[in-house]
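Student:
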Amino acid sequence: MSAFDGKISFVTGAGSGIGEAMALKLAAEGSTVVCSDINEQSAQATAARVEELGAKAVVSALDTSREQAVKEALEKTRRDLGRLDVLMNNAGVGSKDWEMTTAINLDGVYYGLIHACPIMAAQGGGSIVNTASVAGLGALMRPVDYHDDRAAVESVSAYVASKHGVVGLTKQFAVAYGKVGVRVNAVCPGYIKTPIIAAIRGREGGEEFLKALHPMGRLGNPEEVAEVAAFLASDKASFVTGVAMPVDGGYSCR
Ligand SMILES: NC(=O)c1ccc[n+]([C@@H]2O[C@H](COP(=O)([O-])OP(=O)(O)OC[C@H]3O[C@@H](n4cnc5c(N)ncnc54)[C@H](O)[C@@H]3O)[C@@H](O)[C@H]2O)c1
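Counted the way the working numbering counts, the sequence shown spans residues 86 to 339.
#1: Considering only C-alpha positions, which residue in the set 327, 143 and 218 is nearest to residue 117?
#2: With respect to 8 Å, is the separation between the Cβ of residue 270 and the closest non-hydrogen atom of ligand 1 below this value?
#3: Is any heavy atom in ligand 1 found nearer than 8 Å to the beta carbon of residue 197?
#4: Just to confirm, are residue 252 and residue 329 a CB contact at a threshold of 9 Å?
#5: Near residue 119, what residues of its chain come up, given a Cβ to Cβ distance below 6 Å and the 5 sequence neighbours on each side ignored?
#6: Using only CA atoms, which one of 332, 129 and 326 lies nearest to residue 219?
#7: Which runs of the alpha helix (DSSP H) fall wholly inside the stretch 109-186 and span at least 4 residues, in chain order?
#8: Can you tell me whether residue 232 is buried or exposed? The criterion is at least 16 other CB atoms within 10 Å of its CB, across all chains shown.
#9: Would you say the beta carbon of residue 255 comes nearer than 8 Å to a heavy atom of ligand 1?
#10: Determine the DSSP secondary structure at residue 306, reduced to helix, strand or coil.
#11: Report the residue from 335, 104, 268 and 324 whose alpha carbon sits nearest the alpha carbon of residue 176.
#12: Do residue 202 and residue 261 come within 9 Å of each other at the CB atom, strictly closer than that value?
#13: Give a yes or no on contact between the stretch 296-316 and the stretch 270-278, applying the rule of three or more CB pairs nearer than 8 Å.
#14: Helix, strand or coil: how does DSSP classify residue 328 here?
#15: With a threshold of 8 Å (Cβ to nearest heavy atom), would residue 148 be considered close to ligand 1?
#16: Have a look at 278, 323 and 106 and flag the residue whose alpha-carbon is nearest the alpha-carbon of residue 138.
#17: So, using beta-carbon positions, are residue 187 and residue 247 closer together than 9 Å?
#18: Taking Cβ positions, are residue 299 and residue 336 nearer each other than 9 Å?
#19: To the nearest angstrom, how far is it from the Cα of residue 91 to the Cα of residue 318?
#20: Beta-carbon within less than 7 Å of residue 114's beta-carbon, same chain only, minus the 5 sequence neighbours each way: which residues are those?
#21: For residue 166 and residue 93, which I take to be in contact (beta-carbon distance under 8 Å), what is that distance rounded to the nearest angstrom?
#22: Tell me, to the nearest whole angstrom, how far the beta carbon of residue 277 is from that of residue 304; I am working on the premise that it is less than 8 Å.
#23: Starting from residue 267, follow the beta strand (DSSP E) in both directions and report where the run begins and ends.
#24: Could you tell me if residue 268 is buried or exposed, where buried requires 16 or more neighbouring beta carbons within 10 angstroms of its beta carbon?
#25: Where does residue 219 sit, in a helix, a strand or coil, going by DSSP?
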């Protein structure tokens, strides 16, 4: 018996990086997985990999910054598949634009919570894991002095504000839905080898700068985040709710 046998899971941002690893981990543990992404092709590719593992996959083309679309996708999952047991509220961007960053990283996570929690409560329980960041626990360091670069200040501020917001939402929804069996937790990854950090890694000295931020002296892998997220989503974490768990090679303990 695997941890997610017979469960129905919905993963946002499933087409790449951490979301893809989450979808594959849930599938490997027996879950049916709705692979959702704004990029439908990449969601389809992940769904194909889920099916290679012998699990059932459904593709959902979804922009998480559109509330009505999020509501409909989650309700469709419950209607078509009978339940919604797990939501990995994971889609996110590192954009130069304040509006876009907060719309996807913060509003999108809120839409997932506000529309998944009632579905889960009505069926007797469920579990949500939000992908926050070490940027939800403190300020981010950058390899260069950027105080006179307005775009850089805006970009880092928007990301840090959005991820602190995700940690706040995690706690508030955990409190609101605790008595009806819905657990809400967050993972706070350090720097993980996915396309979202390709630009920083590509700069001269960028990779070494990022590695040095982590006491373990390396970057993380998406699978290492998916492993912790799956634990939090599973019944093994049945008395865990409202936590923002670092998965960061020690980044946040300094
Ligand atoms: N990689 C890191 O170092 C790191 C660190 C901390 C937190 N995170 C967070 O992890 C999450 C996943 O990022 P990743 O590193 O896997 O990056 P990624 O770029 O590999 O994957 C992000 C996925 O989200 C999708 N996406 C973007 N906007 C969307 C939208 N509006 N609606 C639906 N899907 C959308 C993209 O198409 C992509 O498939 C993000 O929330 C990110 O902020 C990443």
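Just so it is clear, CB atoms sit at the ideal spot from N, CA and C, and this is done for glycine as well.
Tutor: Taking the definition as stated:
#1: 143
#2: no
#3: no
#4: yes
#5: 95, 143, 145 and 162
#6: 332
#7: 125-137 and 152-166
#8: exposed
#9: no
#10: coil
#11: 104
#12: yes
#13: yes
#14: coil
#15: yes
#16: 106
#17: yes
#18: yes
#19: 14 Å
#20: 87, 88, 89 and 315
#21: 5 Å
#22: 6 Å
#23: 267-274
#24: buried
#25: helix
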